[in-house]
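So for the sequence shown, my numbering puts the first residue at 495; every next one is plus one.
The structure appears below as structure tokens.
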Amino acid sequence: MRQFDLCLSSEGSEVVLATSSDEKHPPENIIDGNPETFWTTTGMFPQEFIICFHKHVKVEKLIIQSYLVRTLEIEKTKSKEPVDFERWIERDFVHTEGQLQNEEILVHDGYCTYLRFIITKAFDHFISVHCVSAEGLVVSNHS
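Structure below.
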């Protein structure tokens with residue numbers, strides 16, 4: 495089976511919820527595959543976004559490119575709707591002055607249909623998420 499980036503909008507994924515939106519930097523930029531675009535928050539934390547895969551997948555590695563994120567929690571669900579999330583990963587990021595944070599997380603038990611990313615703390619009032627990539631496999635399509 496071929497591994498690929500499950501999060502890409504070109505693979506059918508979409509951001510179905512985001513707690514803030516700037517028309518110049520919308521949440522869809524997180525999964526558009528373009529490293530020049532990003533989603534930015536409008537202040538206040540926590541902030542979150544939910545990615546829907548529209549299929550049952552097995553995530554094996556996450557790569558998050560962001561700026562000024564301090565603490566990120568990731569939850570997952572196998573439900574056909576974005577409900578019943580379970581806590582999965584919590585990660586503290588290192589502040590990288592003037593450059594993107596590149597977090598690579600190898601994961602276990604990555605079966606899901608939705609992922610919820612919750613930014614609980616930041617190094618500033620505003621942060622940006624440039625890319626979320628989820629390497630893995632499609633297990634099955636929704637029926």
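We put the CB at the ideal spot given by N, CA and C, even for glycine.
Strand pairing of residue i, partner residues [DSSP]
i, result
"Asn-635", "Lys-549"
"Ser-514", "Per DSSP, none; premise fails for Ser-514."
Residue i CB to nearest heavy atom of the ligand COA below 7 Å
i, result
"Glu-597", "In the structure shown, the ligand COA is absent, as is every other ligand, since no ligand is present at all."
DSSP state of residue i mapped onto helix, strand, coil
i, result
"Ile-621", "coil"
"Glu-530", "coil"
"Ser-504", "helix"
"Glu-591", "coil"
"Glu-629", "strand"
"Glu-567", "strand"
"Glu-575", "coil"
Alpha-carbon to alpha-carbon, residue j and residue i
i, j, result
"Gln-593", "Leu-562", "9 Å"
"Thr-565", "Gly-604", "20 Å"
"Leu-631", "Gly-506", "14 Å"
"Ile-568", "His-624", "16 Å"
"His-709", "Thr-536", "Limits of the chain in this structure are 495 at one end and 637 at the other, which puts residue 709 out of reach."
"His-550", "Leu-500", "10 Å"
"Trp-582", "Glu-517", "30 Å"
"Trp-533", "Thr-513", "11 Å"
"Glu-629", "Asp-578", "23 Å"
"Met-538", "Pro-520", "17 Å"
Residue span of the beta strand (DSSP E) that contains residue i, given as start and end
i, result
"Ile-612", "605-616"
"Glu-580", "580-586"
Cβ separation of residue i and residue j, assumed to be a contact under 8 Å, to the nearest whole Å
i, j, result
"Val-510", "Glu-522", "Not a contact, Cβ separation roughly 11 Å."
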